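Trainee: Supplied in structure tokens, the structure appears directly below.
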Amino acid sequence: MNMWNGFKCEEFEFEGKKAVVVFPDDSVKTGKWMFKTEYFGAFPELEIELLKKGFHLAFVANTNRWGLREDLERKARFADYITEKYGLEEKCVPIGMSCGGLFAIKFASLYPQKVTLLYLDAPVVNLLSCPARLGIKYEQQIAPEEMYKALGLNASTLLSYRDHPLDHLPNLIKNRIPAVLVYGDSDRTVYFGENAALVEQAYEGTGIPFKSIIKHGGDHHPHGLEDNTVVVDYILKNAYL
Numbered sequence: 037m038n039m040w041n042g043f044k045c046e047e048f049e050f051e052g053k054k055a056v057v058v059f060p061d062d063s064v065k066t067g068k069w070m071f072k073t074e075y076f077g078a079f080p081e082l083e084i085e086l087l088k089k090g091f092h093l094a095f096v097a098n099t100n101r102w103g104l105r106e107d108l109e110r111k112a113r114f115a116d117y118i119t120e121k122y123g124l125e126e127k128c129v130p131i132g133m134s135c136g137g138l139f140a141i142k143f144a145s146l147y148p149q150k151v152t153l154l155y156l157d158a159p160v161v162n163l164l165s166c167p168a169r170l171g172i173k174y175e176q177q178i179a180p181e182e183m184y185k186a187l188g189l190n191a192s193t194l195l196s197y198r199d200h201p202l203d204h205l206p207n208l209i210k211n212r213i214p215a216v217l218v219y220g221d222s223d224r225t226v227y228f229g230e231n232a233a234l235v236e237q238a239y240e241g242t243g244i245p246f247k248s249i250i251k252h253g254g255d256h257h258p259h260g261l262e263d264n265t266v267v268v269d270y271i272l273k274n275a276y277l
């Protein structure tokens with residue numbers, strides 16, 4: 037048994053990919069769990085706070101960060117595996133930061149029966165915007181060539197691509213999946229007006245539990261809030277109902 041930020045964890049391989057499960061203290065342990073969809077270990081403050089509330093934390097590595105269907109299918113099998121092995125709830129709270137938000141939205145859309153609530157933090161929602169930079173002109177920080185190679189696309193075929201996270205937003209609404217969204221309104225990497233704002237627009241007027249938290253003047257990093265209490269409280273109130 038290893039340790040992660042003061043919590044016991046197990047590290048293993050699942051279908052050839054690195055996998056991790058982090059355990060809360062026995063005194064507060066529940067069957068609730070978070071699914072970090074990308075960038076395990078990055079900006080972990082929210083995860084640590086939820087571990088303290090009895091949540092487990094799980095992760096399985098992706099082939100790349102651009103939402104391949106094979107990675108999403110593996111995540112579904114991994115979710116089934118750990119719920120059975122560790123006696124966890126069938127539904128989880130995906131924790132999606134940046135490209136992790138891309139994965140979280142797609143996972144919730146394809147497997148709504150496995151998701152109780154989404155946490156999205158500066159999510160990549162529109163590949164035409166990030167990383168392709170076909171929207172407004174602003175600072176180039178991610179080379180689109182990585183995404184084109186990963187998805188087998190180019191600048192022309194991306195225009196007719198219909199597997200952006202934004203294409204999955206209607207299914208989140210159809211399945212009434214609650215969400216909490218955090219983003220900086222001065223994000224120079226994943227411009228909020230072409231990404232996070234699309235999530236806000238999708239949920240507007242639906243009556244689905246949804247909270248949007250704007251970090252005024254905030255850039256892409258750091259993810260999360262200086263004090264995550266409002267997010268933790270919202271998740272505890274609206275997940276696993």
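Residue numbering for the sequence shown follows this note's numbering, beginning at 37 and increasing consecutively.
Ideal Cβ placement from N, Cα and C applies to all residues, glycine included.
On a predicted model such as this, the values are computed, not experimentally measured, just so you know.
#1: Per DSSP, His92 forms a beta bridge with which residues?
#2: Can you name the residues that DSSP bridges to Lys54?
#3: Helix or strand or just coil, what does DSSP make of Val129?
#4: Is Ser63 near the ligand COA, in the sense that its beta carbon is under 6 Å from a heavy atom of that ligand?
#5: To the nearest angstrom, how far is it from the Cα of Ile271 to the Cα of Val216?
#6: Is Met39 helix, strand or coil by DSSP?
#7: Return the residue from the list Tyr122, Leu261, Asn231 that minimises the CA-CA distance to Pro167.
#8: Within 10 angstroms of its Cβ, does Thr242 collect 16 or more other Cβ (buried), or is it exposed?
#9: Going by beta carbon distance, what residues of the same chain come within less than 6 Å of Lys251, once the five residues before and after it are set aside?
#10: Would the beta-carbon of Pro258 fall within 7 Å of that of Phe79?
#11: For Ser196, which of helix, strand or coil comes out of DSSP?
#12: Whole angstroms are fine: how far does the CA of Ser134 sit from the CA of Val151?
Mentor: Quick answer:
#1: For the purposes of this step, residue 92 is identified with residue 56 of the sequence shown, where counting begins at 1. DSSP lists Trp69 as partners of His92.
#2: Within the sequence shown, numbered from 1, the residue matching residue 54 stands at position 18. According to DSSP, Lys54 bridges with Glu49.
#3: Stepping through the sequence shown from its first residue, residue 129 is reached at position 93. Val129: strand per DSSP, three-state reduction.
#4: Ligands are entirely absent from the displayed structure, and the ligand COA is therefore not among its contents.
#5: Along the sequence shown, one-based indexing puts residue 271 at 235. Along the sequence shown, one-based indexing puts residue 216 at 180. Rounded to whole angstroms, Ile271 to Val216 spans 8 Å at the Cα level.
#6: The residue you call residue 39 lines up with position 3 of the sequence shown. Three-state DSSP puts Met39 in a strand.
#7: Position 131 of the sequence shown holds residue 167. Cα-wise, what sits closest to Pro167 is Asn231.
#8: The sequence position of residue 242 within the sequence shown is 206, counting from 1. Thr242 should be labelled exposed.
#9: Your numbering for residue 251 matches position 215 in the sequence shown. Result list for Lys251: Gly220, in chain order.
#10: Here residue 258 refers to the residue found at position 222 of the sequence shown. Here residue 79 refers to the residue found at position 43 of the sequence shown. Cβ distance < 7 Å, so Pro258 and Phe79 count as in contact.
#11: Within the sequence shown, numbered from 1, the residue matching residue 196 stands at position 160. Helix.
#12: Reading the sequence shown from its first residue, position 115 is the one you call residue 151. Reading the sequence shown from its first residue, position 98 is the one you call residue 134. Using only the alpha carbons, I get a separation of about 19 Å.
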